[in-house]
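Same order as they appear, the protein sequences are chains A and B. Each residue of the first sequence is one higher than the last, beginning at 0 in numbering that gives the first Met the number 0. Each residue of the second sequence is one higher than the last, beginning at 0 in numbering that gives the first Met the number 0. Glycine included, each C-beta is placed from N, C-alpha and C at the ideal position. Please read the structure below before turning to the comments.
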Amino acid sequence: MLKISQLHKSYPIGDSSLHVLKGIDLSVDAGEMVAIMGSSGSGKSTLLNIIGMLDEADSGDYILDEVPIKNLTEKKAAVYRNKFLGFIFQSFNLINYKNALENVALPLYYQGLKRKERQEKGKFHLEKVGLLDWAHHLPSELSGGQKQRVAIARALAANPKLLLADEPTGALDTTTSYEIMEFLQQLNDEGKTILIVTHEEDIAEMCKRIVRLRDGVIMEDKPVEQVRASQYV
Amino acid sequence: MFDIDLWREIFQSINKNRTRSLLSGFTVAFAILLFAILFGIANGLGNTLDEAFKDDAINNIVIWSGRTTKANKGLQAGRQIQFKNKDHDYIKEEFGDKVEFMTSRVMINVDASFRNEKSSYTVRAIHPDNLFIEQNKIKEGRYINQRDLNEKTKVVIIGRLVEEDLYTKTRALGKYINLNGIQYKVVGVFTDDGGDDEERMIYMPITTAQQIYGNNDYVDMMYLTYNPEMDYDTALSFSNLLTRKLKDRFSIAKNDQRGIRVQNNAEGAKAVNQMSFGLGIIILVIGFGTLIAGIVGISNIMIFIVKERTKEIGIRKALGAQPKQIISIILIESIIITAIAGYMGLLAGIGVLELATPTLETYFIKDPGVSNSLVIGATITLILAGTLAGYIPAKKASKIKPIVALRND
């Protein structure tokens, strides 16, 4: 599904540069649910951004679904992002002047779907996250948990091969966090491949595998006994 | 290709971000409004200038006689020069083609009455050519003609306001008017753009006046228009020659300024032309200045809008928007706002000018107005400038890495 080898990335800071990723090797199979952990500055978000084609690596190989991701034009990157990836952000990143349904349907617009089809699919995914009744509410009228569920519905709408979540529970309280995790687990049960960046141990333990990063290298990569979030909800 | 979804996106963005849309629209509307008003006022000033010379023909030459101030050819100074009919004929014969129209004049102040209405007026006794020199317009009836002169008929043409003053209950045409005790038949009523005084004039055949009021062939002054094909300089040398010949004819010293005076409108016309030219340059400067201010305004707003939407752009890119989709959504939005606002500014400008016209006339601004094509041209210029000003930051924004845009909180 996803194969990364010898990935390097550094950011220029003034005259010197900060070497953030120092040769990452990682492969993820379809259907996995992987937590990427590490303290802040460990490079976990950078790794996720490169996987999400939001950022580019300096060197190394990255193959996603048998497509090598390298030297992409902006246009191609846009097409791949739309086709392969669904993003979930800590700060939700909903467009504030669009209602829930319009936010969910936006990736479908960039897929070139017809309006009617977008509406149907958007509603379907909103129903899936249990927010169909809120379809016509603006993000400002939703709670944090609801916003994140809309974001998840949006990430799912384009039917991506890989869901990327950057601290999806970072802005939520514990109960809401577990609700979101429960939902992500359900999606994983249905076969979705999910990568979650987090620094919270309890969230990581709800995945099936934990990859620990420190100072730009993988310290540990082990499968874990998945803690079901449903028992807390 | 017409993409209804793109337009839906754009109208939603305009509609949901009303403050932003209104602010940018306001800038453009205001620039166009100012442009229209300033241009309109400048045009109004130009119209006033034109108007000032509308009273009489622009190629007018007036000849007065006076008292000589210098002795010449054995004649003493202080001699009164008196034009007569034969001087009129002399000029026509001597200069032929160079004279377009010509009339002599005798001026008489009269007390006029019709039934119980009385008032004082000036009578100008004239030749038929006066119609073209004064640029009178015949409202009713006819003008003085050659037959009137030949037969010395007792007829008059009266100004519109004379009719209004005296003929309160009836029409003047065909009625008689009493001038200093003598009855004249009103055969015509005229109007004149030269103002109320010109419309309180009474015209009669010059021969009639000469017989009744003096029984002589005296002429007070002579008016003529030079051939309009002459340019200013030729016209000036023509009037100089005319002056010289008349002075010769009356044995007046060449350097005597009073015996005969000739005033050529070409001198004034030249000055007016230069003034119009100067005004034209001022208009251009004002127009360009306003436009540049508008362009700077819309450019600033576009840069601000792109900045404000950076995060949204990042989200859209993360969801799979291609760079050109980002650019088009920003640009088309700005074009729509500019076009609509520009149109509103144009309507407002025309409306303001329309409302202010009566007031402005007091300040020598007549019929202020701008041609629609000019204002539409200005609006299109603003749209183009807005597009260009928006394109650069939009292009830049479309290249921002989504991660940078998303971090921008």
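**Study point:** Collapsed DSSP secondary structure at residue 353 of chain B in the structure displayed
**Key:** For the purposes of this step, residue 353 of chain B is identified with residue 354 of the second sequence, where counting begins at 1. When DSSP states are grouped into helix, strand and coil, residue 353 of chain B belongs to the helix group.
**Study point:** Secondary structure, alpha helix (DSSP H): runs of 4+ residues fully inside the segment 1-56 of chain B
**Key:** Within the segment 1-56 of chain B, the complete alpha helix (DSSP H) runs of at least 4 residues are 3-15, 17-51.
Review point. Mapping DSSP to helix, strand and coil, what is residue 389 of chain B?
Key: As a working mapping, residue 389 of chain B is identified with position 390 in the second sequence. Three-state DSSP puts residue 389 of chain B in a helix.
Practice item. Quick one: which residues of the segment 23-53 of chain A get their C-beta closer than 8 Å to a C-beta of chain B? List them in chain order. Key: For chain B, the residues of the segment 23-53 of chain A that bring a beta carbon within less than 8 Å of one of its beta carbons are 48, 51, 53, in chain order.
Practice item. Mind the definition here: the segment 98-115 of chain A touches the segment 132-139 of chain A only if three or more C-beta pairs lie below 8 Å; say whether that holds. Key: Contact check between the segment 98-115 of chain A and the segment 132-139 of chain A: three or more CB pairs, one atom from each, fall below 8 Å, which counts as touching.
**Study point:** Closest residue to residue 269 of chain B among B:234, B:298, B:242 (Cα-Cα distance)
**Key:** Position 270 of the second sequence holds residue 269 of chain B. Ranking the options by Cα distance to residue 269 of chain B, first place goes to B:234.
Practice item. Under 7 Å between beta-carbons, which chain B residues line up against residue 106 of chain A? List them in chain order, please. Key: By 1-based counting over the first sequence, the position of residue 106 of chain A is 107. Within chain B, the residues near residue 106 of chain A are 318, 319.
**Study point:** residue 369 of chain B versus residue 49 of chain B: straight-line alpha-carbon distance, rounded
**Key:** Within the second sequence, the letter at position 370 stands for residue 369 of chain B. Within the second sequence, the letter at position 50 stands for residue 49 of chain B. Taking C-alpha positions only, residue 369 of chain B is separated from residue 49 of chain B by approximately 16 Å.
Check your understanding: Since residue 41 of chain A and residue 212 of chain A are thought to touch, with beta carbons under 8 Å apart, how far apart are those beta carbons, to the nearest angstrom?
Key -> Here residue 41 of chain A is taken as the residue at index 42 of the first sequence, counted from 1. Here residue 212 of chain A is taken as the residue at index 213 of the first sequence, counted from 1. Contact annotation, residue 41 of chain A with residue 212 of chain A: C-beta distance approximately 4 Å; criterion of less than 8 Å satisfied.
Exercise for review: Taking all protein chains shown into account, decide if residue 227 of chain B is buried (16 or more other Cβ within 10 angstroms of its Cβ) or exposed.
Suggested key: Working through the second sequence from its first residue, we reach residue 227 of chain B at position 228. Exposed: under 16 other Cβ atoms inside 10 Å.
**Study point:** Of the residues B:314, B:294, B:266, the one placed nearest residue 231 of chain B, counting alpha carbons only
**Key:** Counting from one through the second sequence, the residue named residue 231 of chain B turns up at place 232. Considering only alpha carbons, the answer is B:266.
Check your understanding: Is the distance from the Cβ of residue 89 of chain B to the Cβ of residue 248 of chain B below 8 Å?
Key -> As a first step, residue 89 of chain B must be located in the second sequence, where it is residue number 90. As a first step, residue 248 of chain B must be located in the second sequence, where it is residue number 249. Going by C-beta atoms, residue 89 of chain B is nearer than 8 Å to residue 248 of chain B.
Check your understanding: Within the 8 Å Cβ cut-off, does residue 185 of chain A reach chain B?
Key -> One-based indexing of the first sequence puts residue 185 of chain A at position 186. Output row for residue 185 of chain A: interface = no.
Practice item. Can you tell me which of the three DSSP states residue 263 of chain A falls into? Key: Residue 263 of chain A lies beyond the stretch modelled for chain A, which goes from 0 to 232, so this question has no answer here.
Practice item. Provide the residue span of the alpha helix (DSSP H) that contains residue 52 of chain A, from first to last. Key: For the purposes of this step, residue 52 of chain A is identified with residue 53 of the first sequence, where counting begins at 1. Segment: none, residue 52 of chain A is in no alpha helix (DSSP H) and carries neither H nor E.
Review point. Any heavy atom of the ligand FAD closer than 7 Å to the Cβ of residue 102 of chain A?
Key: Of the ligands one can find in the structure shown there are none, so the ligand FAD has no counterpart to examine.
Practice item. Just grab the DSSP bridge partners of residue 291 of chain B for me. Key: On the second sequence, position 292 is the one that residue 291 of chain B refers to. Beta-bridge partners assigned by DSSP to residue 291 of chain B: none are found.
Review point. Beta-carbon of residue 332 of chain B versus every beta-carbon of chain A: anything under 8 Å?
Key: As a working note, residue 332 of chain B is residue 333 in the second sequence. Not one chain A Cβ lies under 8 Å of residue 332 of chain B.
Point to revise | Minimum Cβ-Cβ distance from residue 73 of chain A to chain B less than 8 Å | key: Translated into positions along the first sequence, residue 73 of chain A becomes position 74. Interface annotation, residue 73 of chain A: in contact with chain B, CB-CB separation under 8 Å.
Exercise for review: Could you name the residues that DSSP lists as bridge partners for residue 473 of chain B?
Suggested key: The requested residue 473 of chain B does not occur in the structure, where chain B is confined to residues 0 to 408.
Check your understanding: Okay, do the segment 184-193 of chain A and the segment 21-36 of chain A touch, 3+ Cβ pairs below 8 Å being the bar?
Key -> Contact holds: three or more Cβ-Cβ distances are below 8 Å.
Point to revise | Spatial distance of residue 346 of chain B from residue 22 of chain B (CA atoms) | key: Here residue 346 of chain B is taken as the residue at index 347 of the second sequence, counted from 1. Here residue 22 of chain B is taken as the residue at index 23 of the second sequence, counted from 1. Their Cα atoms are separated by approximately 18 Å.
Practice item. Can you pull the chain A residues whose beta carbon is under 7 Å from the beta carbon of residue 4 of chain B, in chain order? Key: Along the second sequence, one-based indexing puts residue 4 of chain B at 5. Near residue 4 of chain B (Cβ distances below 7 Å), the residues of chain A are 108, 114.
Check your understanding: Are the segment 183-195 of chain B and the segment 120-138 of chain B touching by the rule of at least three beta carbon pairs closer than 8 Å?
Key -> The answer is yes - the segment 120-138 of chain B touches the segment 183-195 of chain B, with three or more Cβ pairs under 8 Å.
Practice item. Going by CA-CA distance only, name the one from B:148, B:208, B:119 that's closest to residue 200 of chain B. Key: Walking along the second sequence from the start, residue 200 of chain B turns up at place 201. The residue with the shortest Cα to Cα distance from residue 200 of chain B is B:119.
Practice item. Please say whether residue 85 of chain A and residue 3 of chain A have beta carbons closer to each other than 8 Å? Key: On the first sequence, residue 3 of chain A is found 4 positions in, with the first residue counted as 1. On the first sequence, residue 85 of chain A is found 86 positions in, with the first residue counted as 1. For residue 3 of chain A and residue 85 of chain A, no; Cβs fall outside 8 Å.
Check your understanding: residue 130 of chain A by DSSP, collapsed to three states: which one?
Key -> The residue labelled residue 130 of chain A in the question sits at position 131 within the first sequence. Correct three-state label for residue 130 of chain A: coil.
Review point. Taking buried to mean at least 16 other C-beta atoms within 10 Å of its own C-beta, is residue 167 of chain A buried or exposed?
Key: Locating residue 167 of chain A in the first sequence gives position 168, counting from the first residue. Buried, since its Cβ has 16 or more Cβ neighbours within 10 Å.
Review point. Does the beta-carbon of residue 287 of chain B have 16 or more other beta-carbons within 10 angstroms, so that it is buried, or is it exposed?
Key: Within the second sequence, numbered from 1, the residue matching residue 287 of chain B stands at position 288. It counts as exposed.
Review point. What does residue 322 of chain B reach in chain A if we use C-beta pairs closer than 8 Å?
Key: Within the second sequence, residue 322 of chain B is the residue found at index 323, counting from 1. By Cβ distance, chain A contributes 73, 74, 77.
Point to revise | Buried/exposed call for residue 45 of chain B, threshold 16 Cβ in 10 Å | key: Within the second sequence, numbered from 1, the residue matching residue 45 of chain B stands at position 46. With 16 or more Cβ atoms within 10 Å of its Cβ, residue 45 of chain B is classed as buried.
Check your understanding: Hey, residue 105 of chain B and residue 205 of chain B are a contact pair by Cβ (cut 8 Å); roughly how many whole angstroms apart?
Key -> Within the second sequence, the letter at position 106 stands for residue 105 of chain B. Within the second sequence, the letter at position 206 stands for residue 205 of chain B. The pair is a contact, with the Cβ atoms about 6 Å apart (cut-off 8 Å).
Check your understanding: Which residues in the same chain as residue 76 of chain B place their Cβ atom closer than 7 Å to its Cβ, once the five residues preceding and following it in sequence are excluded?
Key -> Numbered from its first residue, the second sequence carries residue 76 of chain B at position 77. Cβ within range, chain order: 67, 68, 69, 70.
Check your understanding: Rounded to whole angstroms, how far is the Cβ of residue 35 of chain B from the Cβ of residue 352 of chain B, which I believe are closer than 8 Å?
Key -> Position 36 of the second sequence, counting from 1, holds the residue named residue 35 of chain B. Position 353 of the second sequence, counting from 1, holds the residue named residue 352 of chain B. About 7 Å separates the two Cβ atoms, so the contact holds.
Review point. Rounded to whole angstroms, how far is the Cβ of residue 331 of chain B from the Cβ of residue 305 of chain B, which I believe are closer than 8 Å?
Key: As a position in the second sequence, residue 331 of chain B is number 332, starting the count at 1. As a position in the second sequence, residue 305 of chain B is number 306, starting the count at 1. Going by Cβ atoms, the distance from residue 331 of chain B to residue 305 of chain B rounds to 14 Å, so no, they are not a contact pair.
Check your understanding: From residue 124 of chain A to residue 53 of chain A, what distance separates their C-alpha atoms?
Key -> Mapped onto the first sequence, residue 124 of chain A falls at position 125. Mapped onto the first sequence, residue 53 of chain A falls at position 54. So the alpha carbons of these two residues sit roughly 24 Å apart.
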